[in-house]
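**Q** All residue numbers for the sequence shown refer to the UniProt record's numbering, where the first residue is 1 and numbers rise by one.
Supplied in structure tokens, the structure appears directly below.
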Amino acid sequence: MSTKGDTESCSRLIALYQKASMAFGVAVLVIAVLVMMGWAFGVEELTRVRMHFPSMKVNTAVSFAWMGLALLVLHAERAKGRSKGKTILLLLCGGLVTCLAAVTLAEYLCGLALPLDEALVADAASALSPTSPGRMAPITALKFLSLGVALLIQHFSKRRNWPWQIPVLLGLFLSMLGLLGYLYGVHAMVTFFPYPSVAIHTEIAFTLLSLGLLFARPRVGVMSIFVSDKPGGVLAKRMLPAALLTLVVLGLLVQLGSTHHIFDLGFSVVLIVALGTTVVSAILWRLSEKLDRLDGARERAAYHWKLMIDHAAGAVAMFDREMKYLWVSRRWISDYRLETVDCVGKSHYEVFPEVPDRWKDVHRRCLAGAVERCDEDRFERADGTVTWLRWEVRPWHEDGDEIGGILMFTENITQRKFAEDALKKANAELERRVEQRTQQVALQAEILHNMAEGACLVKASDGSIVHTNPKFEAMFGYAPGELIGRHVSMLNFEDIAGGAQELAQRLVATILAQNVTTYEIQNVRKDGTPFWCRVTASRFRHPEHGLVLVAVHEDITDKRRSEEALRRSEQRYRDLVELAADGIFVVDAAGRCIDVNGAGCGMLGLSRDELVGTALLDRIAPEAASRFEAALRRLAEPGTVDVAEWDLRKKDGSYLPVEISAKFSPDGRLLSFVRDISERKRAERAREVAERRYRSLVESAHDAIVVVDARGCITLVNKQIASLFGYEPEEVIDQPVEMLIPERYREHVEHRTAYVADPHARPMGAGLDLYAARRDGSEFPIDVSLSPVLVDGELQVTAIIRDVTARKNIETQLREAIRTREDVVAIVSHDLKNPLSAILMNARLLKRLRPNDPDVRARLSKIADSVDRSAMVMQRLIMSILDFAKIQSGTFVVEPEVHDIRAIVGICCESIEALAAARSIHVTHELDPDLPRILADHDRILQVFSNLLGNAIKFTPEGGVVTVHAHRLDRYIEICVSDTGPGIPDAQLPHLFERYWQAKESARLGSGLGLAIAKGIVEAHGGRIWAESTLGHGSTFHFTVPTAEAARSRASA
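Okay, structure coming up:
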């Protein structure tokens, strides 16, 4: 058993190991940085410690840098807690090292040579080590794989889990082999023939890194023994370093003797045995002495602890995690009468089967780490006896802070509990008797001093106050006894007519004359605040003060305030009733009007006096009298509200159409709200006229008109529905509109629901292919316009439906004609290409002919050049026709890739230089320095440039200037081609990009398709093209192409 937490010596040792671990991580990181600097700057002394020593590879140094950084992050997590950033960095470093090591081992195993080996190697590094300067040795990769896997496993492992130390120990063992190989000069331990050798600072870094990982968590696994202050820890801390040092020194002595021929092998064996035996014996003697002292101290501590527990005032028992007894004190055995029971090894619940469930819950919580106690608890034994206990339960811990079980401390307080219960009963009886007497005294005091809200005695002879109760003093704001002897008039409000003293005299006289009287009076408190009281006063013969007046006061200030508020509320109600625009009539149970507001009087042209007392039934039109009486009978049912339209007779005998909302109030009165609806009636009549007019317009329409409500049901159709769909109008009313839609489009319901949520007008010809179904099931194409409108607050949609069968037939014929034209273009272009190819081939053959006659040779060359140029012009014309046909048919496509616009402009300007130089035209380009890359089809954009630059040179006089500009325009690059030619008239600018269009003065200079094709190419890239010109000052053609970044953003969206 151990107490929770480390001892002071252990804590210091743990802190020392963790500081050493952090220092090892820094050392590994420094070694890695120095080696990488050596590779980067060609400093051989940094890559290999000594000349002819193996060098540390670049990938090895990078891996050490990652591992060193991961070790420092591991310590940062321990000091400041884990965070998302630290975890990602730690896993990234460990994962990169593990992956790099695994790939390197795969290269060796499979005989591969991946470019990964030279990825980080510069020219200088290649010069230092020409053969695989980046690839680490296989044994190095194996060590990195072990340590990387260990780093990842320990990050996810729990505190007590330590399997991750196995690969760390493997890496440490392999590193120690290498170091001993260097120390003893064993070349085979370093080279690992036939693979590359391992550098000495690589072995040192691996040793530091392995120790750093072990020291980072010294409480876990192998390291836990080295931080323990128990005998095993002492033995490990003292014996292991001495044994390691002894073996290394002995090995060095043997190595030196053999190397310098000081002694032979037999002498070496004797020397090793003698020195080893001496050193080990000395260490064992020292450790045995230390262990004896520790064991003696342990026995003394155990004796003192047992002595203290056995003579403690309470009982103590120790349990393991399964609640089995490990040890009990003498007091435990005596308190629970267990002299005949051997508890150790038995379950607590077997010894005490009567343990309640609530105690078992306490045991479970304490086994989870809680500490609980109770000062007084009842324990009923199996034999029926009751024991009262005071207890405390707390966990005890094994090495490594694991809970080993619980300690239970109890004290039998049964006798004390019985004594306390007896004392409580005695005290309760005493308190009951004292309480009875106290209540009697309090009752008398209450009768004397608190007879009512507030009471005072006033001497009749002089009006002085001789007694006040506490409530009276509190009511007026005076301290106890402060009013005694003072005149009662000081309590009356000064502003009372006639004065307070005169009022007091009149009241005394009235009370003496009437014996008992009640009145309301305005008094004043000590702070000057006036308030109202209701006073009941009587006279009484007092044995000490003679004739006195007993005045009982009740503060009615709040009551008077409420009455005033009620009065004002009623006035506000009256004002609201009078301000109401509707007439309000109040009728009694006999049907007579008992109240009416001004609006009601104004409606009928009568005054209030003329209406009050008259029967409301007399104002109803005679033909509706029986219906009115029936409505009154319905209103007699509790909670019924009736709203109906009536005609009320006015003073001049005419009838006013009104809407009456009526309900009986709880007091039996009929409340009627009367609204003049004459304007509404006129509006309804006007709407009926408008509806008839609308109906006639709908019926006269040539198209079918269908009105649908929000539910999708048809509410109105015109007679054209019969000729178009084959239904009679009455057959489709209140039917779902889906009956007019073909079966394959019945998902129209979802579209209709979405349209109702966002209604908007849609004209005919909106580009949708719609179909309708006739009564016989046949389908026909239609065009529909939609117009949403609110009718009485409800959405209705008017659909105008037109049969477009004839138009669809014309469109089909037109598409067939276009397809025929495209087929003809394809056939013509194909048929022209074949002879053109033959012409070009023969022209080139003519060029190769070398007749002896120079004149004939020159003439043949001229003829061949002419044929070649004509064929090329014709070939370009065919390609233009094909491109334009694709653009028109919608089959033209581009293959965009990321390109540098500066390179494309350079290529175009270079290709046009010869043509420009022939005409003494200067071609320049001005490009913004920070232009982003574009996403475009390289050849097609060159085609646009060639067309625009060719046109510019074609129409620019000799000695002119053609300029190419490019700048960023939001998400596009805008390219401008400007010339100093004659310019283009304003009337011709709108036609420049039309097919086959040419100005009269340039009709012989081209096919008229170049700009139309350029427009199609630019628009296929998502850009646009346009021209600007000032007659006599040249022209500028603009086009835009999207940047690569904008194109990717649009694609991801």
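Beta carbons: idealized from backbone N, C-alpha and C, even for Gly.
1) What are the start and end residues of each continuous beta strand (DSSP E) run of 3 or more residues lying completely inside the UniProt domain "PAS" (569 to 639), in chain order?
2) With respect to the beta strand (DSSP E) encompassing I660, which residues constitute its N-terminal and C-terminal limits?
3) Do A631 and D618 count as a contact pair if the criterion is CB distance below 9 Å?
4) In whole angstroms, what separates the C-alpha of H1021 from that of T980?
5) With H, G and I counted as helix, E and B as strand and the rest as coil, what does DSSP make of F955?
6) Looking at V43: is its Cβ nearer than 9 Å to the Cβ of M37?
7) Hey, out of S464, R567, A704, whose CA is closest to V784's CA?
8) Less than 8 Å between the CB atoms is what I'm expecting for L935 and A1044, so what's the real figure, rounded?
9) Under a Cβ-count criterion, where at least 16 other Cβ atoms within 10 Å of its own Cβ denotes burial, should I810 be classed as buried or exposed?
10) Ordered along the chain, which non-local residues of its own chain (more than five positions away) have a Cβ less than 7 Å from that of T1040?
11) Please classify D855 as buried or exposed, where buried requires at least 16 other C-beta atoms within 10 Å of its C-beta.
12) Within 10 Å of its beta-carbon, does H363 have 16 or more other beta-carbons around it, so buried, or fewer, so exposed?
13) Going by C-alpha to C-alpha distance, which of P896, P218, W532, F540 sits closest to Q514?
14) Taking the alpha helix (DSSP H) that N59 belongs to, which residues open and close that run?
15) Taking C-beta to C-beta, are I14 and V168 nearer than 9 Å?
16) Report the rounded CA-to-CA distance for P982 versus T956, giving the unit in angstroms.
17) Taking 8 Å as the threshold, find out whether the region 680 to 689 comes into contact with the region 584 to 604 through three or more Cβ pairs.
18) Hey, how far is the Cα of P896 from the Cα of R919?
19) Does A1003 pass the burial test, meaning 16 or more other C-beta atoms within 10 Å, or should it be called exposed?
20) From what residue to what residue does the alpha helix (DSSP H) around H155 run?
21) What distance in whole Å lies between the Cβ atoms of L491 and N523, which are believed to be in contact at a cut-off of 8 Å?
22) Please specify which runs of the beta strand (DSSP E), each continuous and at least 3 residues long, are wholly inside the region 1010 to 1036, giving them in chain order.
23) Compute the Euclidean distance between the alpha carbons of Y694 and S700, then round it to the nearest angstrom.
24) Distance, Cα to Cα, E372 vs N59?
25) Answer with buried or exposed for C99, where buried requires no fewer than 16 other C-beta atoms within 10 angstroms of its C-beta.
26) Is it true that the CB of I984 sits closer than 9 Å to the CB of L949?
27) Pick from E1019, L915, P353: whose alpha carbon is nearest that of R940?
28) Which residue or residues does DSSP assign as beta-bridge partners of L670?
29) How big is the Cα-Cα spacing for T414 and G369?
30) For a quick check, are the C-beta atoms of M408 and F319 less than 9 Å apart?
31) How big is the Cα-Cα spacing for L1009 and N947?
32) Taking the alpha carbon of I465 as the point to measure from, which residue in R486, Y108, A455, Y655 has its own alpha carbon closest?
33) What is the DSSP secondary structure of L648, counted as helix, strand or coil?
34) Taking buried to mean at least 16 other C-beta atoms within 10 Å of its own C-beta, is G405 buried or exposed?
35) Is the region 135 to 148 touching the region 101 to 116, taking contact as three or more C-beta pairs under 8 Å?
36) Run the CB neighbour count on Q813, radius 10 Å, all protein chains shown included, and call it buried at 16 or more, exposed below.
**A** By the coordinates alone:
1) 583 to 587, 593 to 596
2) 655 to 664
3) no
4) 29 Å
5) helix
6) yes
7) A704
8) 4 Å
9) exposed
10) L969, Y972, I973, E974, G1023, R1024
11) exposed
12) buried
13) F540
14) 58 to 80
15) no
16) 7 Å
17) no
18) 35 Å
19) Confidence is the limiting factor: at A1003 the pLDDT is only 46, short of 50, which leaves the residue's position unreliable, though a coordinate-based value still follows. It counts as exposed.
20) 138 to 156
21) 5 Å
22) 1025 to 1029
23) 10 Å
24) 58 Å
25) exposed
26) no
27) E1019
28) V587, F664
29) 29 Å
30) yes
31) 10 Å
32) R486
33) strand
34) buried
35) yes
36) exposed
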